[in-house]
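Worksheet for the structure shown next.
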Amino acid sequence: MGNLLKEFSKGIIKENPTFILALGLCPTLAVSTSLINGVGMGVAATFVLIGSNVIIALIKGIIPERIRIPCYIVVIATFVTITELLMKAYSPALNRALGIYVPLIVVNCIVLGRAEAYASKENVIRSLFDALGMGAGFTLALLLISGIREFLGSGTLFGHSLGFTFDPASVFSMPSGALLVIGLLLGFFNYLKQRKA
Amino acid sequence: MNIGQFLTILISSLFIYNVILSRFLGLCSFVAISKETKPALAMSMAVLFVITMSSAITWGIYRFLLIPLGLEYLRTISFILVIASFVQLVEMVIRKISPSLYRVFGIYLPLITVNCAVLGVAVLNVDMFFVNGKPLAGSFIYSVFQGICVGLGYTLAMLLMSGIRERLDFCNVPKPLKDFPLAFIIAAIMSLSFMGFNGFFR
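If you read the sequences in order, they're chains X and G. Under the working numbering, residues 8 to 204 are what the first sequence spells out, in order. Under the working numbering, residues -18 to 183 are what the second sequence spells out, in order.
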């Protein structure tokens, strides 16, 4: 059990997909304009990660070595399509806000990266926990970035005002604000890492 | 079909909605391969070619296969498969007919399969030029032209970035910011200046 817990927790801090591995940055930057969008993207990507990791761990024995990448992509794309259809049906507003970044979860390097680096070698239960941890790490990173951007860019959190007012710097809601926030955060985490070493 | 429409596509995909600086597609390759101008240019040319061709191919798949069969919801899965096999094919052809060209951008081709810019443009074309499952007049030409323009926008951002980073090598920057973080901060400043093109079209 403790072992499984370690599989779960490594995705959150030690191997955080966004800040340490620097994977899957495109959707992170594009949808992190508000906390709601960030959470939506995080949950959608986690769902795809869990589905693809479990299925790939189950069928890894019957996939021929040479065509494994296309096979993984088909599995991942299936789960992305499921996510897309579910989101369209139950949360059309979120689907509109995330736009083309929902189908683009297919090419999110975190998902394919975990399939290749982890699920293709480990058993189902461990792959499941790995997916949960990576998904949680990705979602937390999105929460952090979109929280910073929503607070500085529009002065709200989850769409609620905070009781005090200030002039929001709307540049943080724009693309350049996203690049600036992620650049400084990556630098900050590098700083922590180098100080520890 | 008119000249104005083409001009709108050109300006908006080069400057206003630049794939990298505003749509955030293809960021991984942008940050990873923009350290020097030469490989950056080779990568850009490979991306330009693949985006253009895949825009044409995915248009055909959507128009003649998915719409008649009522399978529009399969677009993600079919597009990514078509792109992946097309890239594989291009790689084999180039290796066979021109080993020297293969050495220049062969190694970047497999990377393009998972470059979100390619799939992004394919999905964007379908979103923009098909209304309720019906292609707009001239949608094929527009799709291919948009593919070319997005590829050019990628090239523009790549060249600007690699030019800056080449000089940055000689500068003394804070250690935690070296490489990736600084690349993002530079991109932020570039994106800020590209915001000046906003409102070009109303």
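Even for Gly, the Cβ is constructed at its ideal location relative to N, Cα and C. Values in this document were obtained by computation on a predicted structure and should not be read as measured data.
Residue interval of the alpha helix (DSSP H) (run including residue i)
i, result
"Gly162(X)", "Counting along the chain, Gly162(X) falls outside any alpha helix (DSSP H), and DSSP gives it neither H nor E."
"Ser76(X)", "Looking at the sequence itself, residue 76(X) is Ile, so the reference to Ser does not match. Note, Ile76(X): alpha helix (DSSP H), Arg75 to Tyr97."
"Cys9(G)", "Leu8 to Ala13"
"Asp174(X)", "Run containing Asp174(X): none; DSSP gives neither H nor E here."
"Ser59(G)", "Arg56 to Ile78"
"Ala37(G)", "Thr18 to Ile42"
"Leu111(X)", "No alpha helix (DSSP H) contains Leu111(X), which DSSP labels as neither H nor E."
"Pro34(X)", "Leu32 to Val38"
"Asp108(G)", "Cys97 to Phe110"
"Gly190(X)", "Pro182 to Lys203"
"Tyr(-2)(G)", "Premise fails: Tyr(-2)(G) is in no alpha helix (DSSP H) and is neither H nor E."
"Met171(G)", "Phe161 to Phe175"
"Leu(-12)(G)", "Ile(-16) to Ile(-8)"
"Pro91(G)", "Leu90 to Thr94"
"Thr136(G)", "Ser120 to Leu149"
"Asn130(X)", "Counting along the chain, Asn130(X) falls outside any alpha helix (DSSP H), and DSSP gives it neither H nor E."
"Phe181(G)", "Unbroken run through Phe181(G): none, as it is neither H nor E."
"Ile62(X)", "Leu42 to Ile66"
Residue i CB to nearest heavy atom of the ligand GTP below 7 Å
i, result
"Glu129(X)", "With respect to the ligand GTP, the structure offers nothing, as it holds no ligand at all."
Distance between beta carbons of residue j and residue i, contact taken as under 8 Å
i, j, result
"Gly166(X)", "Glu14(X)", "So it is not a contact: roughly 35 Å between Cβ atoms."
"Leu42(X)", "Leu164(X)", "6 Å"
"Leu2(G)", "Phe175(G)", "5 Å"
"Ala138(X)", "Arg156(X)", "Contact doesn't hold; Cβ gap of about 26 Å is too wide."
"Ile61(G)", "Ile63(X)", "In fact, because the Cβ distance is near 16 Å, the residues do not count as touching under 8 Å."
"Ile189(X)", "Leu36(X)", "6 Å"
"Ser36(G)", "Val102(G)", "6 Å"
"Tyr83(G)", "Ile75(G)", "5 Å"
"Phe26(X)", "Gly58(X)", "So it is not a contact: roughly 24 Å between Cβ atoms."
"Leu186(G)", "Ile64(G)", "Because chain G in this structure spans residues -18 to 183, residue 186(G) falls outside the shown range and cannot be described."
"Ile(-16)(G)", "Phe178(G)", "Ile(-16)(G) to Phe178(G), Cβ: 20 Å. No contact."
"Pro182(X)", "Asn115(X)", "Actually they do not touch by this definition, with Cβ atoms about 19 Å apart."
"Phe161(G)", "Ala124(X)", "Incorrect: roughly 20 Å between the Cβ atoms, too far for contact."
"Asn96(G)", "Val28(G)", "7 Å"
Partner residues on chain G for residue i, Cβ-Cβ distance less than 7 Å
i, result
"Asn197(X)", "Pro157 and Pro162"
"Gly194(X)", "Pro157, Leu158 and Pro162"
"Val5(X)", "The first residue shown for chain X is 8 and the last is 204, placing residue 5(X) beyond what the model contains."
"Leu187(X)", "Ile166 and Ala169"
"Ala84(X)", "Thr57, Ile58 and Ile61"
"Ala29(X)", "Phe161"
Interface residues of chain X facing residue i [CB-CB closer than 7 Å]
i, result
"Leu105(G)", "Ile107"
"Ala37(G)", "Correct list: empty, because the minimum Cβ distance to chain X is about 19 Å."
"Val95(G)", "Val114, Cys116 and Leu119"
"Met176(G)", "Met181 and Ser183"
Partner residues on chain X for residue i, Cβ-Cβ distance less than 9 Å
i, result
"Arg4(G)", "Cys33, Ala37, Ile107 and Pro182"
Neighbour list for residue i in chain G, Cβ cutoff strictly below 9 Å
i, result
"Glu91(X)", "Tyr54 and Thr57"
"Val55(X)", "Within chain G, no residue comes near Val55(X); the closest Cβ sits about 11 Å away, beyond 9 Å."
"Ile80(X)", "Ile58, Ile61, Leu62, Ala65, Thr94 and Val95"
"Gly190(X)", "Leu158, Phe161, Pro162, Leu163, Ala164, Phe165, Ile166, Ile167, Ala168 and Ala169"
"Pro24(X)", "Residues of chain G passing the Cβ test: none, with the nearest at roughly 12 Å."
Interface residues of chain G facing residue i [CB-CB closer than 8 Å]
i, result
"Leu151(X)", "Ordered by position in chain G, no residue passes the 8 Å Cβ test against Leu151(X), which lies about 15 Å from the chain."
"Gly58(X)", "Result: empty, since nearest Cβ-Cβ is about 14 Å, beyond 8 Å."
"Pro71(X)", "Within chain G, no residue comes near Pro71(X); the closest Cβ sits about 15 Å away, beyond 8 Å."
"Pro99(X)", "Simply none; closest approach about 15 Å."
"Pro175(X)", "Those within 8 Å of Pro175(X) in chain G number zero; the least Cβ separation is about 17 Å."
Chain-ordered neighbours of residue i on chain B, where CB pairs are closer than 7 Å
i, result
"Gly101(G)", "The chain inventory of the structure shown lacks chain B, comprising the protein chains X and G."
Contact list for residue i against chain X, beta-carbon separation under 8 Å
i, result
"Leu8(G)", "Leu32, Cys33 and Leu36"
"Leu173(G)", "Val178 and Ser183"
"Asp150(G)", "Result: empty, since nearest Cβ-Cβ is about 18 Å, beyond 8 Å."
Exercise. Does the pairing of the stretch 188 to 202 of chain X with the stretch 104 to 120 of chain G give three or more beta-carbon distances under 8 Å?
Worked result: no
For this session: May I ask you to verify whether the stretch 124 to 140 of chain G touches the stretch 62 to 75 of chain G, counting CB pairs closer than 8 Å and requiring at least 3?
Result: With the cut-off at 8 Å, the stretch 124 to 140 of chain G and the stretch 62 to 75 of chain G do not touch.
Problem set entry | Cβ contact check for the stretch -8 to 7 of chain G and the stretch 54 to 61 of chain G: 3 or more pairs under 8 Å | no
Exercise. Between the stretch 130 to 149 of chain X and the stretch 41 to 61 of chain X, do three or more beta carbon pairs fall short of 8 Å?
Worked result: yes
Exercise. Does the count of Cβ pairs from the stretch 103 to 113 of chain X and the stretch 26 to 41 of chain X closer than 8 Å reach three?
Worked result: Yes, the stretch 103 to 113 of chain X is in contact with the stretch 26 to 41 of chain X.
For this session: Report yes or no: do three or more beta-carbon pairs, one from the stretch 122 to 129 of chain X and one from the stretch 18 to 26 of chain X, lie closer than 8 Å?
Result: no
Exercise. Between the stretch 162 to 172 of chain G and the stretch 0 to 16 of chain G, do three or more beta carbon pairs fall short of 8 Å?
Worked result: yes
Exercise. Touch check for the stretch 123 to 132 of chain G and the stretch 23 to 38 of chain G: three-plus C-beta pairs under 8 Å?
Worked result: yes
Exercise. For the 8 Å Cβ check, are there 3 or more pairs between the stretch 147 to 155 of chain G and the stretch 165 to 180 of chain X?
Worked result: Because the criterion of three Cβ pairs below 8 Å is not met, the stretch 147 to 155 of chain G and the stretch 165 to 180 of chain X do not touch.
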